[in-house]
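If you're matching positions, the sequence shown starts at 12 in this note's numbering and goes up one per residue.
Glycine included, C-beta positions come from ideal geometry on N, C-alpha and C.
The structure displayed is predicted, hence computed values, not measured ones.
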Amino acid sequence: MDRYTPAAIEEKWRERWASSGLHSTPDVSDKPNFYFLTMFPYPSGEIHVGHWYAFAPPDAAARFLRMRGHNVLFPMGFDAFGINAENAAIDRKLHPAVWTEKNMAHMREQFNRMGAAIDWRREVVTCYPEYYRWNQWMFLKLYEKGLAYRADAPVNWCPRDETVLANEQVINGRCERCDTPVVKRQMTQWFYRITKYADELLRFDGLDWPERVRVLQTNWIGRSEGAEIAFPVEGHPGEEIRFFTTRPDTIYGATFMVLAPEHPLIAKIATPKRRAEVERYVQHARNMADIERAAAEREKTGVDTGAFARNVFTGERIPIWIADYVLATYGSGAIMAVPGHDERDFAFAKKHRLEIREVISPDGAEHSALEAPYVGEGVMVRSDTFTGMRSEMGKAAVGAEAKKRGIGGPSVTYRLHDWLISRQRYWGTPIPIVHCERCGAVPVPYEQLPVVLPRDVEFTGRGGSPLSHVASFVNATCPKCGGSARRDTDTMDTFVDSSWYMYRYVDPKHDKAFMNEELGRKWLPVQQYTGGVEHAILHLLYMRFMAKALRDMGELWFDEPALRFRYQGTIVFKGRKMSKSRGNVETPDVYVEKYGADTLRLFMMFMGPWVDGADWDASGIEGVHRFLRRVWEMAQSEAQPAGPGDPDIDRVVHRTIAKVTEDLQTYSFNTAVAAMMELSNALQRATGPSRDEGVATLLLLLAPFAPYMTEELWERRGGRGSIHRQTWPAFDPAIAAPGEVTIVIQIDGKVRDRITAPAGISQAAAEKLAMASPKVKAALDGREPGRTIFVPDRLVNFVTRRPS
12 MDRYTPAAIE
22 EKWRERWASS
32 GLHSTPDVSD
42 KPNFYFLTMF
52 PYPSGEIHVG
62 HWYAFAPPDA
72 AARFLRMRGH
82 NVLFPMGFDA
92 FGINAENAAI
102 DRKLHPAVWT
112 EKNMAHMREQ
122 FNRMGAAIDW
132 RREVVTCYPE
142 YYRWNQWMFL
152 KLYEKGLAYR
162 ADAPVNWCPR
172 DETVLANEQV
182 INGRCERCDT
192 PVVKRQMTQW
202 FYRITKYADE
212 LLRFDGLDWP
222 ERVRVLQTNW
232 IGRSEGAEIA
242 FPVEGHPGEE
252 IRFFTTRPDT
262 IYGATFMVLA
272 PEHPLIAKIA
282 TPKRRAEVER
292 YVQHARNMAD
302 IERAAAEREK
312 TGVDTGAFAR
322 NVFTGERIPI
332 WIADYVLATY
342 GSGAIMAVPG
352 HDERDFAFAK
362 KHRLEIREVI
372 SPDGAEHSAL
382 EAPYVGEGVM
392 VRSDTFTGMR
402 SEMGKAAVGA
412 EAKKRGIGGP
422 SVTYRLHDWL
432 ISRQRYWGTP
442 IPIVHCERCG
452 AVPVPYEQLP
462 VVLPRDVEFT
472 GRGGSPLSHV
482 ASFVNATCPK
492 CGGSARRDTD
502 TMDTFVDSSW
512 YMYRYVDPKH
522 DKAFMNEELG
532 RKWLPVQQYT
542 GGVEHAILHL
552 LYMRFMAKAL
562 RDMGELWFDE
572 PALRFRYQGT
582 IVFKGRKMSK
592 SRGNVETPDV
602 YVEKYGADTL
612 RLFMMFMGPW
622 VDGADWDASG
632 IEGVHRFLRR
642 VWEMAQSEAQ
652 PAGPGDPDID
662 RVVHRTIAKV
672 TEDLQTYSFN
682 TAVAAMMELS
692 NALQRATGPS
702 RDEGVATLLL
712 LLAPFAPYMT
722 EELWERRGGR
732 GSIHRQTWPA
742 FDPAIAAPGE
752 VTIVIQIDGK
762 VRDRITAPAG
772 ISQAAAEKLA
782 MASPKVKAAL
792 DGREPGRTIF
802 VPDRLVNFVT
812 RRPS
């Protein structure tokens, strides 16, 4: 027997699988179709072990489904646009397209070394014009429906990358890509109107998605019910401050107003005496991140504008302040401050010596002073005609009164904002709009798509979009009037690329539409989707929005793009999530060269629960490699002589079949590997035909996890065809049932003996065996049991007396 040499075996089968088309998925099959998709990677240059953790376990699950009789579509591609390629162009003087192609070629090779059963004929690459043409097509369709629009807005600006960031791309006040502190800028941007679908996005009917993801999306959308009310600004006819509150029952406690530093009214209403201080404060606040400004523990700073609003319910003049804890990105950017019943308002009022008034009492009684804000619901006090109402009734009554007076009314607001899709970068999908002085913003005609990125571009990292400096790209003809026009030089957020890519995989060469509908109806929606939970409020939300928008255009026939979603945990290395941008990656190639891809695959799946992630520690990989070597040797040992089977070994085999089957369905990869290791140990001690049959079963169970070695052993043992086209082992519960069980014998709840009995023994037979026990006879000492408690295969309890 030759020794296990992974490198030679894996190279042999990579070539043979590629030449035979083993991993190609037919569109027409007598098997039921199953679309299994895992999130495609950004081509950063190299797959690290974190990528293996994301891709190898789903590959095992997809292989399992094939062996269970499904025609599985398991495609792969590259999310190839993005800032990193442009930064590489600046740093290395290498064009983003060249850098990206080089990286993709290397990563394809790494995927193949992993043994991933990918149908590369269906590869999708988002930076190719044949793909991003359909980004532009969708933009124009959304524009026609009023779902794409241009507006001025305060935006997150990364000074290093010189681009706008979506709210979701700002992590703890810093750019998620380069970790630079983010500042605010007022700019004209393109948006997708995702808020139109806010309520529908809150519904997860028919989706098998983890509760954690549902909660994250629900909280991000942030639906709040309350009232919208306007207070007039004194001395400024026609000007008013409109605000939303979830607690209209506290309106009689509003003793001042607070505006976000970005609020457009500030410049109009700040008094001359206060203007300089106000302007300084506004400038300071604009350089702070929203998350820092909103931190609960942070000291509440602010300045008085010198202006007043009138609380239309109390009739009082109340001062208007500005404070950075109020965000322009939430609601209207203004609040009525109720310090008696809000913690932030209370802290602000205490610091600036503003009036604090109780208007909600837990018991209906008035209290002279508040040592802390009462934030719960209760009974309205000091609230004119509303006094005595409970909060729930008061909320509705105040909202109705505001509507009656024409100053507002009941309202619903959302934390979710429209999706800001424009970026001042080069390496992305060009916005298909031209700007004409006569006609304004004009869509590029469909027949002129795609608007292709120019190649001759200078990358400096400064001065806004590189496209704005390319005259041949910028100068265009207006499609409407034929006059001179300027092409829009913004490009699309890369999350646009990934919001619909799952539809393209069914036929990536289809050039009549973004999706081949005939094939799409055979495969879609996606039945299983996997990826990182960090995308819960980015990609996963955006792809749901895009599916609903395309459905409403008549382009899709379903509501949700993926019916089932499962996420993997994070691989942590040197105290942080493994990431090339953080410089803490571990390359898998070193381990593949030393131990083989099968060992690394199995080790990644054995590290712990897939959903939890793990700290990267390669010290256990040697033990996994030893396990595979044992299987290698055992599978090639001499056949056992004919004879009777071994029921104990058969039982272990069938229990393992049941365990591995269940674990692959629930993505409990680590316990599946543990079960196969236990089976291997049992088979090493076994003899006779049960051992041979058990080894054959073990190879089938192990095939999705270690595809190379099992394929080689299958061939060496005379198996026909590929092991990956064999039928998954069938579980027989009768064989798996234990032959004997241990039954605990109690008398009045006290353990007196343990007996061995046939599994499934009847109560009468179990009682008879128990009564024959010398220990039980001695303990009964002539007493007769009054009744018996029987738990099948586990317990006989003789009760001889009533409990005291």
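Just how far apart, CA to CA, sit residue 585 and residue 59? For this step, residue 585 is matched to residue 574 along the sequence shown. For this step, residue 59 is matched to residue 48 along the sequence shown. As the crow flies, the alpha-carbon of residue 585 is around 14 angstroms from that of residue 59.
Can you say whether residue 12 is buried or exposed, counting buried as having 16 or more other CB atoms within 10 angstroms of its CB? As a working mapping, residue 12 is identified with position 1 in the sequence shown. Residue 12 comes out exposed.
Buried/exposed call for residue 110, threshold 16 Cβ in 10 Å: On the sequence shown, residue 110 is found 99 positions in, with the first residue counted as 1. Under this definition residue 110 is a buried residue.
Out of curiosity, what's the CA-to-CA distance linking residue 598 and residue 57? By 1-based counting over the sequence shown, the position of residue 598 is 587. By 1-based counting over the sequence shown, the position of residue 57 is 46. Distance between the alpha carbons of residue 598 and residue 57 is about 8 angstroms.
Check residue 341 in the structure and name its three-state DSSP category. Numbered from its first residue, the sequence shown carries residue 341 at position 330. Of the three classes helix, strand and coil, the one that applies to residue 341 here is coil, per DSSP.
Starting from residue 48, trace the beta strand (DSSP E) both ways and give me its first and last residue. Counted from its first residue, the sequence shown places residue 48 at position 37. Unbroken beta strand (DSSP E) run through residue 48: 44 to 49.
DSSP bridge partner residues for residue 503 (one or two, in chain order): Taking the sequence shown and counting its residues from 1, one reaches residue 503 at position 492. Paired residue(s): 433.
Limits of the unbroken beta strand (DSSP E) element including residue 464: Numbered from its first residue, the sequence shown carries residue 464 at position 453. Where residue 464 is concerned, there is no enclosing beta strand (DSSP E), because DSSP gives it neither an H nor an E.
What whole-angstrom Cβ distance do residue 756 and residue 764 have, given they're in contact under 8 angstroms? For the purposes of this step, residue 756 is identified with residue 745 of the sequence shown, where counting begins at 1. For the purposes of this step, residue 764 is identified with residue 753 of the sequence shown, where counting begins at 1. Sure, about 4 angstroms apart at Cβ, within 8 angstroms.
CA-to-CA distance, residue 802 to residue 405, given in whole angstroms: Translated into the one-based positions of the sequence shown, residue 405 becomes position 394. Translated into the one-based positions of the sequence shown, residue 802 becomes position 791. Answer to the nearest angstrom: the Cα atoms are 58 angstroms apart.
Going by DSSP, what residues sit across from residue 163 in a beta bridge? Your numbering for residue 163 matches position 152 in the sequence shown. BP columns for residue 163 point to 199.
Could you check how far apart the C-beta atoms of residue 149 and residue 525 are, in whole angstroms? I think they sit under 8 angstroms. Within the sequence shown, the letter at position 138 stands for residue 149. Within the sequence shown, the letter at position 514 stands for residue 525. Yes, residue 149 and residue 525 are in contact; Cβ-Cβ is about 7 angstroms, under 8 angstroms.
Which value, in whole angstroms, describes the spacing of the CA atoms of residue 320 and residue 343? Working through the sequence shown from its first residue, we reach residue 320 at position 309. Working through the sequence shown from its first residue, we reach residue 343 at position 332. Here the alpha carbons of residue 343 and residue 320 stand approximately 16 angstroms from one another.
Residue 676 beta carbon less than 8 angstroms from that of residue 622: Position 611 of the sequence shown, counted from the start, is the residue given in the question as residue 622. Position 665 of the sequence shown, counted from the start, is the residue given in the question as residue 676. The answer is no: Cβ separation not under 8 angstroms.
Return the CA-CA distance between residue 695 and residue 721, expressed in angstroms with no decimal places. Locating residue 695 in the sequence shown gives position 684, where the first residue counts as 1. Locating residue 721 in the sequence shown gives position 710, where the first residue counts as 1. Roughly 17 angstroms separates the two Cα atoms.
Residue 31 to residue 55, Cα distance in whole Å? Taking the sequence shown and counting its residues from 1, one reaches residue 31 at position 20. Taking the sequence shown and counting its residues from 1, one reaches residue 55 at position 44. Whole-angstrom Cα-Cα distance: 30 angstroms.
Quick one: using the 10 Å Cβ neighbour count with 16 as the cut-off for buried, is residue 650 buried or exposed? Taking the sequence shown and counting its residues from 1, one reaches residue 650 at position 639. Counting every other CB atom within 10 Å of its CB across the protein chains shown gives residue 650 a total below 16, marking it as exposed.
Could you name the residues that DSSP lists as bridge partners for residue 82? Within the sequence shown, numbered from 1, the residue matching residue 82 stands at position 71. Assignment of beta-bridge partners to residue 82 by DSSP yields 44.
Cα-Cα, which of 506, 239 and 188 is closest to residue 415? Along the sequence shown, one-based indexing puts residue 415 at 404. With distances taken between CA atoms, residue 415 lies nearest to 239 out of 506, 239 and 188.
Taking Cβ positions, are residue 564 and residue 156 nearer each other than 8 angstroms? What you label residue 564 is simply residue 553 of the sequence shown in a count that begins at 1. What you label residue 156 is simply residue 145 of the sequence shown in a count that begins at 1. Cβ distance < 8 angstroms, so residue 564 and residue 156 count as in contact.
Is residue 537 helix, strand or coil by DSSP? Mapped onto the sequence shown, residue 537 falls at position 526. Three-state result, residue 537: strand.
Just confirm the distance between the C-beta atoms of residue 88 and residue 134, as a whole number of angstroms; I'd bet it's less than 8 angstroms. In the sequence shown, the residue the question calls residue 88 occupies position 77. In the sequence shown, the residue the question calls residue 134 occupies position 123. 5 angstroms between Cβ atoms; contact.
Does DSSP put residue 33 in a helix, in a strand, or in coil? By 1-based counting over the sequence shown, the position of residue 33 is 22. Note: residue 33 maps to coil in three-state DSSP.
Can you check DSSP and say which residues form a bridge with residue 28? Numbered from its first residue, the sequence shown carries residue 28 at position 17. Answer by DSSP bridge pairing: none, since residue 28 is not bridged.
Per DSSP, what kind of secondary structure is residue 626 in: helix, strand or coil? To locate residue 626, count along the sequence shown from 1; it is residue 615. It is a strand residue.
Taking only the alpha-carbon atoms, compute the straight-line gap between residue 80 and residue 147 and give it to the nearest angstrom. Numbered from 1 along the sequence shown, position 69 holds the residue referred to as residue 80. Numbered from 1 along the sequence shown, position 136 holds the residue referred to as residue 147. Going by the C-alpha atoms only, they are around 39 angstroms apart.
In the DSSP assignment, find the unbroken alpha helix (DSSP H) run with residue 520 in it and report its ends. Your numbering for residue 520 matches position 509 in the sequence shown. No alpha helix (DSSP H) holds residue 520; DSSP gives it neither H nor E.
Rounded to whole angstroms, what's the CA-CA distance from residue 249 to residue 243? Just pull it up for me. Against the sequence shown, residue 249 aligns to sequence position 238. Against the sequence shown, residue 243 aligns to sequence position 232. Straight across, the Cα-Cα distance linking residue 249 with residue 243 is about 8 angstroms.
From residue 815 to residue 805, what does the alpha carbon distance come to, in whole angstroms? As a first step, residue 815 is located in the sequence shown; it is residue number 804 there, counting from the start. As a first step, residue 805 is located in the sequence shown; it is residue number 794 there, counting from the start. Its pLDDT being 49, under 50, residue 815 is placed unreliably in this model, and the value from its coordinates should be taken loosely. The alpha-carbon atoms of residue 815 and residue 805 are separated by roughly 26 angstroms.
Could you give the distance in angstroms between the alpha-carbon of residue 128 and the alpha-carbon of residue 353? As a position in the sequence shown, residue 128 is number 117, starting the count at 1. As a position in the sequence shown, residue 353 is number 342, starting the count at 1. Residue 128 and residue 353: Cα-Cα distance of roughly 56 angstroms.
How is residue 690 classed by DSSP in three states: helix, strand or coil? Position 679 of the sequence shown, counting from 1, holds the residue named residue 690. Residue state, collapsed to three classes: helix.
Determine, using beta carbons only, whether residue 700 and residue 656 come nearer to each other than 8 angstroms. For the purposes of this step, residue 700 is taken as the residue at position 689 of the sequence shown. For the purposes of this step, residue 656 is taken as the residue at position 645 of the sequence shown. Contact flag set, yes.
Residue 99 - containing alpha helix (DSSP H), residue span: The count along the sequence shown starts at 1 and reaches residue 99 at position 88. From DSSP, the alpha helix (DSSP H) with residue 99 extends over 94 to 103.
Any 3 or more C-beta pairs closer than 8 angstroms across the segment 601 to 616 and the segment 629 to 649: yes
Look up residue 127 in the DSSP assignment and say whether it is helix, strand or coil. In the sequence shown, residue 127 corresponds to position 116, counting from 1. Coil.
Inter-residue Cα distance where the pair is residue 433 and residue 688: Looking up residue 433 in the sequence shown gives position 422. Looking up residue 688 in the sequence shown gives position 677. For the pair residue 433 and residue 688, the Cα-to-Cα distance works out to about 52 angstroms.
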